[in-house]
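One structure below.
Chains as they are written, first to last, in this note's numbering: chain U, 1 to 383; chain C, 1 to 383.
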């Protein structure tokens with residue numbers, strides 16, 4: 001029997017019915033008054049969720065398009081940027097800047113751990129001409145979140161460098177007051193903690209970032225922020241046809257987040273995150289991420305010896321209708337990852353915890369599924 | 001009273017209910033078997049609509065992203081490309097190649113007319129080292145279609161150059177057998193004659209095009225065709241998270257087109273196109289495009305003296321719920337444009353013809369609305 005699927009991936013995530021309903025509103029003219037109103041409200045509400053008064057743009061692309069936008073607009077070829085790399089998305093961020101000719105200084109981070117402000121400070125002392133520091137806030141491939149992000153922002157700004165944060169998988173799921181933490185450029189995507197289908201990237205741009213952007217003509221048309229700004233300022237439009245239906249969906253999702261209250265929306269991710277760690281710990285499982293670097297929104301779990309991630313994932317999908325992710329690259333079969341993003345209710349937590357417990361039991365891992373569930377239940381009492 | 005809107009724009013266009021329904025299928029893992037199956041079927045059916053056996057990729061971007069993909073993958077900086085320019089989208093195509101460093105030789109085309117094979121042949125004789133010719137098949141800004149496209153392909157291939165066609169606003173709405181006409185790279189978008197919401201671009205790539213693409217490392221990550229090919233070949237996936245819901249929608253739309261039959265689907269656009277020209281001609285209106293260059297899918301109509309396009313458009317929208325487009329740039333207020341794309345039934349034709357007739361009458365243009373309607377009715381009898 002084909003089960004309806006609970007998508008517990010680190011993106012895309014489950015989409016609430018009201019967001020789907022909004023997505024199917026009848027088509028409108030992307031150069032007419034209905035779009036102007038929609039676009040204006042989306043930008044206003046997105047800024048509240050970003051906690052920023054900076055400019056903000058919505059791009060019709062995946063989150064990686066947002067990264068490409070950052071990589072192509074701010075630095076001139078040959079300019080130096082520091083990028084901590086401790087996983088697939090750190091590598092992708094570094095690659096994007098390399099592609100556009102930046103002199104990328106990678107800062108090696110042990111997989112499962114995260115960069116510290118001291119580490120960045122040391123490198124900034126050595127690389128005095130660094131124009132920017134770009135950090136992946138939540139490294140989806142390893143289930144880590146940079147707990148020192150605010151402090152990294154401080155040392156970056158002290159060095160006079162631009163602070164670029166790839167928050168694709170986490171904005172809305174953990175603390176990230178963009179202005180308060182001095183983030184010049186913040187990137188996220190629709191299909192993670194914003195509970196919208198994939199296809200839109202969001203990027204905020206500070207005054208300092210504009211100063212760098214204005215130095216040269218854009219090296220891309222599609223991701224040109226100057227064009228985005230011009231069309232927004234003159235007509236509240238986008239330079240090229242936007243994914244109108246996804247704008248409708250994002251509009252509804254942002255309203256839902258603000259009705260819930262941003263703090264409460266983020267808080268749900270934190271509570272559910274704690275419940276997952278506690279539950280799986282009690283079951284006798286170990287986590288890939290070091291304790292001080294663990295992500296609320298991506299729980300990366302080491303496979304028990306002798307069980308392949310693929311067997312567990314297939315079983316979860318076909319018997320329990322729960323879809324989780326494996327690892328990237330070398331970690332493909334040695335970890336599995338649970339996304340705790342967007343739609344976060346007691347139902348997601350207990351279903352996922354109990355299904356993982358049951359499936360592992362079936363595969364011969366005699367853990368303590370029930371104890372895990374009991375632990376989760378205690379921590380979600382006020383979710 | 002707020003009317004439901006009939007979107008008679010040159011994109012986005014009206015979306016059939018079954019396409020909306022498909023768009024709201026529950027989210028799936030873009031790295032799982034359900035997506036592999038969906039993606040594979042979309043590519044297979046899109047190739048049928050392109051009439052090609054070349055590689056084909058679906059990008060999460062607007063059509064302009066597809067143009068950027070072409071501009072960034074095939075030519076090395078300094079290489080020569082001929083681009084006929086007779087409107088906004090010809091200009092945009094030229095700009096995209098310029099942004100990526102190509103030596104663009106623009107071929108000036110009078111607005112409202114289209115380039116001929118002889119014209120291109122002459123320039124190719126002079127510019128013997130031209131690596132490519134890129135043509136906008138349907139210039140949306142002026143309502144023209146290049147009737148010499150097949151012959152332009154022949155002279156381009158004879159010169160050993162790559163033939164790139166921007167068919168964004170027309171593929172599915174007029175003849176374009178990609179392989180038969182020797183099109184090496186063909187670009188279209190979801191929100192035009194494919195009757196899908198905006199947010200996806202489609203691009204086909206011939207063997208000759210691959211030969212050029214393989215010469216250099218990509219200058220973009222997001223639009224790298226090498227990456228697209230690798231992910232498709234290895235896993236039937238996309239390199240970055242695709243707009244899954246829009247893939248569902250496009251899948252349904254392509255099935256609908258193939259159920260209808262491609263020839264019949266295109267034929268509807270042709271018949272309705274003729275009906276519009278005949279009807280508006282009978283009303284005493286004149287067209288912006290020259291007779292031999294007129295587009296089936298974008299009808300560009302000169303405003304009668306003394307009436308601004310904006311007045312007509314506002315009236316059509318608010319009193320009749322019919323949304324049409326104005327002109328671009330200098331033509332902003334002197335023409336209006338009707339999109340005849342995707343959902344093309346007798347209803348769209350009679351509603352649009354009669355609403356335009358009525359609104360113009362209200363604005364003081366004593367045309368012959370009824371005669372126009374009669375003419376349209378005769379031409380859509382077998383639509």
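Cβ atoms here follow ideal geometry from the backbone N, Cα and C, with glycine treated the same way.
For clarity, every value in this text was computed on a predicted model and none was experimentally measured.
- The beta carbon of residue 199/U sits closer than 7 Å to some beta carbon of chain C.
- Closest in C-alpha terms to residue 338/U, from the list 381/U, 44/U, 142/U, comes 142/U.
- Put simply, the CB of residue 27/U is near chain C, with a gap under 7 Å to one of its CB atoms.
- With respect to the 7 Å criterion, residue 70/C and residue 168/C are not classified as neighbours on the basis of their beta carbons.
- For residue 188/U, no alpha helix (DSSP H) encloses it; the enclosing beta strand (DSSP E) starts and ends at 185 to 189.
- Using a 10 angstroms sphere on the CB of residue 207/C, the tally of other CB atoms stays under 16, which defines it as exposed.
- Below 8 Å, too few C-beta pairs join the stretch 226 to 239 of chain U and the stretch 3 to 10 of chain U to call them touching: fewer than three.
- Around residue 374/U, no beta-carbon contact reaches into chain C at under 9 Å, the shortest distance being about 29 Å.
- Taking 9 Å as the Cβ-Cβ cut-off, the stretch 236 to 266 of chain C approaches chain U at 238, 239, 240, 241, 242, 243, 244, 245, 246, 249, given in chain order.
- In this structure residue 115/C is buried. Its beta-carbon is surrounded by 16 or more other beta-carbon atoms within 10 angstroms.
- Annotated as proximal: residue 193/U and residue 342/U, with beta-carbon spacing under 7 Å.
- In this structure, DSSP gives residue 101/C a state outside helix and strand, which the three-state scheme calls coil.
- The DSSP-derived three-state label of residue 115/U is coil.
- Beta-bridge annotation (DSSP): residue 144/C is paired with 139/C, 294/C.
- Contact annotation: in the stretch 336 to 359 of chain C, no residue has its CB less than 7 Å from a CB in chain U.
- Within chain U, the residues whose beta carbon sits less than 7 Å from that of residue 24/C are 20, 23, 24, listed in sequence order.
- Beta-carbon to beta-carbon, residue 131/C and residue 75/C are separated by about 6 Å, close enough to satisfy the 8 Å threshold.
- At the C-beta level, residue 170/U and residue 297/U come within 7 Å of one another.
- For residue 268/C, the enclosing alpha helix (DSSP H) has its first and last residue at 262 to 282.
- Distance between residue 316/U and residue 308/U, taken at the CA atoms: about 13 Å.
- Legend: CB atoms of the stretch 209 to 231 of chain C lying less than 9 Å from CB atoms of chain U belong to residues 217, 218, 219, 220, 221, 222, 223, 224.
- Taking a contact as a CB-CB distance under 8 Å, the pair residue 202/C and residue 22/C does not count as one, their CB atoms being some 17 Å apart.
- Against chain U, a Cβ distance below 7 Å from residue 15/C picks out 27.
- Short of 7 Å from the beta carbon of residue 155/C, and not among the five residues preceding or following it, lie these beta carbons of its own chain, in chain order: 117, 120, 121, 124.
- Chain order gives no chain C residues near residue 106/U, where near means a beta carbon separation below 8 Å; the closest approach is about 16 Å.
- When DSSP states are grouped into helix, strand and coil, residue 196/U belongs to the coil group.
- Annotated as proximal: residue 105/U and residue 127/U, with beta-carbon spacing under 7 Å.
- Per DSSP, the beta-bridge partners of residue 204/U are 56/U, 186/U.
- Note that the C-beta distance between residue 144/U and residue 295/U is below 7 Å.
- The C-beta of residue 299/C comes no closer than 7 Å to any C-beta of chain U.
- For residue 236/C, the closest C-alpha among the options 55/C, 14/C, 9/C is that of 55/C.
- Judged by beta-carbon spacing, residue 359/C lies beyond the 7 Å limit of residue 335/C, meaning their Cβ atoms are not closer than that value.
- Contact annotation: residue 173/C and residue 269/C have beta-carbon atoms nearer than 7 Å.
- Non-local beta-carbon contacts of residue 28/C in its own chain, meaning distances under 8 Å to residues more than five positions away in sequence, involve 34, 35, 38, 244 in chain order.
- Chain order gives the chain U residues near residue 99/C as 217, 218, 219, 220, 221, 224, where near means a beta carbon separation below 9 Å.
- Among the CB atoms of chain C, one or more fall inside 7 Å of the CB of residue 68/U.
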